[in-house]
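What follows is a set of notes on a single structure, which appears directly below.
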Amino acid sequence: MSIKDRLAAKAASIGTTPRGTKISDTAPSRPKTAPGQLMASLPLLAEKERELQDAMKRIEELETLGAAFSEEVEISTLFEVPGRRRILSDQEYGELKANLEANPLVHPIVYRPLGDGRNEIISGNNRVAIYRDDLKRTKIRGVPFQGTDAEVELGAAFSNLLAPSLPDFEKYRQFQRIQQNLGLTQADIIRASGLAQSHVARILSFDNLPAAAKELIASKPHRLGGTAAAKFAALAQQGHEREVTEAIRTLVDSDEMTQERALVLATPTRPKAPQPVATTITIGKRKFCDVSVRSGVVGLRFSGKDSEANAAEWSAKITQFIRAELEAQSSQSSNLDFE
410 MSIKDRLAAK AASIGTTPRG TKISDTAPSR PKTAPGQLMA SLPLLAEKER
460 ELQDAMKRIE ELETLGAAFS EEVEISTLFE VPGRRRILSD QEYGELKANL
510 EANPLVHPIV YRPLGDGRNE IISGNNRVAI YRDDLKRTKI RGVPFQGTDA
560 EVELGAAFSN LLAPSLPDFE KYRQFQRIQQ NLGLTQADII RASGLAQSHV
610 ARILSFDNLP AAAKELIASK PHRLGGTAAA KFAALAQQGH EREVTEAIRT
660 LVDSDEMTQE RALVLATPTR PKAPQPVATT ITIGKRKFCD VSVRSGVVGL
710 RFSGKDSEAN AAEWSAKITQ FIRAELEAQS SQSSNLDFE
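As structure tokens, then:
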């Protein structure tokens, strides 16, 4: 079972009534399950720690029961919270559709009854969409979840966030939802998710991309990873927003385009240094040699059958000339010292 499904199953079981358990008089230990660690590490939700620890004890008892508490839900009563659904690639969507069409639903969706006939989808938006739009089914198995708005938001976000195949941009979207809806800081997210600070910082580098570029990535989030996004963000911050946006557009539109090639497209080319112009010295109409200067080097290229001999001769003359000039300058400087 994937991490996402384990979290969904755990979250779905909160609020159910399992068999009676013996209550310990000692203070509860820090929960070992992911949702328990999450709630314990978030300062803004500290008052929920004891409540969630108790729920985790019940969850651990219910883990082995699988989908025993699931029930058929009318799909027409389910509604999706914008931004909560994970964006799948065409291949991922096709594989999920084929699996759901050929097999019974192994992992029920998780939903929250709102009391007015509507049910808010917490986990399983893609499964609901495929059942409704592609398979034309009217019911789907689901597990009801009772909790606060904060618990629902965290459960939905982290059930996606901890999925091993989740693209970095989707992780960024979940981070944004947590920050905006719950007012958490980057440090809170790092503690809650268990991810390394460098990894979280890399994912949040999507925030520094141009808005138009982020809209493009949102349609195909698997096309751009966090490492390349950080490099694109650095280019955008250097004033190359248009180039970055166009390069990302090409990356999203073409499956043959790689992230490395897209980065090359967005990177401004350095202006080439002007090529030195050689001066030609002639004897009458015959070229004697070319003189060029480049990168602190004076070059002579002699022509004709005597080029080797001329090169040796003029090398000696030039050496003698330079030495004479330096000696003259040195002598002139010495005379000035005595004046």
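Note that the working numbering gives residue 492 to position 83 of the sequence shown, counting from 1, and the numbers run on in steps of one.
For every residue, glycine included, the Cβ atom is placed at its ideal position computed from N, Cα and C.
Since we're looking at a predicted model, the values are computed, not measured.
Could you check how far apart the C-beta atoms of residue i and residue j are, in whole angstroms? I think they sit under 8 Å.
| i | j | result |
| --- | --- | --- |
| Thr486 | Gly526 | 6 Å |
| Leu514 | Ala559 | About 28 Å separates the two Cβ atoms, so there is no contact after all. |
| Asn535 | Arg586 | Wrong, their Cβ atoms sit about 17 Å apart, outside the cutoff. |
| Lys548 | Glu483 | 6 Å |
| Gly635 | Asp577 | 4 Å |
| Pro517 | Arg550 | 4 Å |
| Glu652 | Leu644 | 7 Å |
Residue i and residue j: beta carbons closer than 8 Å?
| i | j | result |
| --- | --- | --- |
| Ile612 | Phe584 | yes |
| Val552 | Ser614 | no |
| Leu633 | Gln668 | yes |
| Pro685 | Arg703 | yes |
| Thr688 | Val700 | yes |
| Ala639 | Leu672 | no |
| Ser712 | Lys696 | yes |
| Gln595 | Val609 | yes |
| Val519 | Gly533 | yes |
Could you tell me the distance, in whole angstroms, from the CA atom of residue i to the CA atom of residue j?
| i | j | result |
| --- | --- | --- |
| Asp664 | Gly705 | 47 Å |
| Asn528 | Asp616 | 32 Å |
| Lys629 | Tyr540 | 22 Å |
| Asp543 | Lys506 | 8 Å |
| Ala721 | Ala737 | 24 Å |
| Ser498 | Gly708 | 60 Å |
| Ile598 | Arg670 | 32 Å |
| Ala620 | Asp662 | 17 Å |
| Glu655 | Arg600 | 36 Å |
| Leu735 | Asn719 | 24 Å |
| Arg679 | Val537 | 51 Å |
| Ala733 | Ser724 | 14 Å |
| His631 | Leu575 | 8 Å |
| Gln741 | Ile731 | 15 Å |
| Gln729 | Met666 | 60 Å |
| Gly524 | Leu563 | 21 Å |
Using a Cβ-Cβ cut-off of 7 Å (strictly less than) and excluding sequence neighbours within five positions of residue i, which residues of its own chain qualify?
| i | result |
| --- | --- |
| His649 | Ala675, Pro677 |
| Glu481 | Lys548, Arg550 |
| Asp434 | Because the pLDDT of Asp434 is 44, which lies under 50, any placement of that residue in the model is unreliable, and the number read from its coordinates should be weighed accordingly. Excluding residues within five positions, none has a Cβ falling inside 7 Å. |
Indicate, with yes or no, if the ligand MG has a heavy atom lying under 7 Å from the CB of residue i.
| i | result |
| --- | --- |
| Glu560 | In the structure shown, the ligand MG is absent, as is every other ligand, since no ligand is present at all. |
Apart from the five residues on each side of it in sequence, which residues of its chain come closer than 6 Å, Cβ to Cβ, to residue i?
| i | result |
| --- | --- |
| Ile657 | Ala622, Leu625 |
| Leu509 | Ile539 |
Give me the DSSP bridge partner(s) of residue i.
| i | result |
| --- | --- |
| Leu487 | Asn528 |
| Val707 | Val702 |
| Arg695 | Ile692 |
| Val552 | Val519 |
| Val482 | Ile549 |
If I measure Cβ to Cβ from residue i and keep anything under 8 Å in the same chain, skipping five residues before and after, which residues do I get?
| i | result |
| --- | --- |
| Val490 | Glu529, Ile530, Ala565 |
| Leu682 | Looking at the sequence shown, residue 682 is not Leu but Ala. So the list is empty, once near-sequence residues are dropped. |
| Phe488 | Arg527, Asn528, Glu529, Ile530 |
| Val561 | Arg521, Glu529, Ile531, Phe554 |
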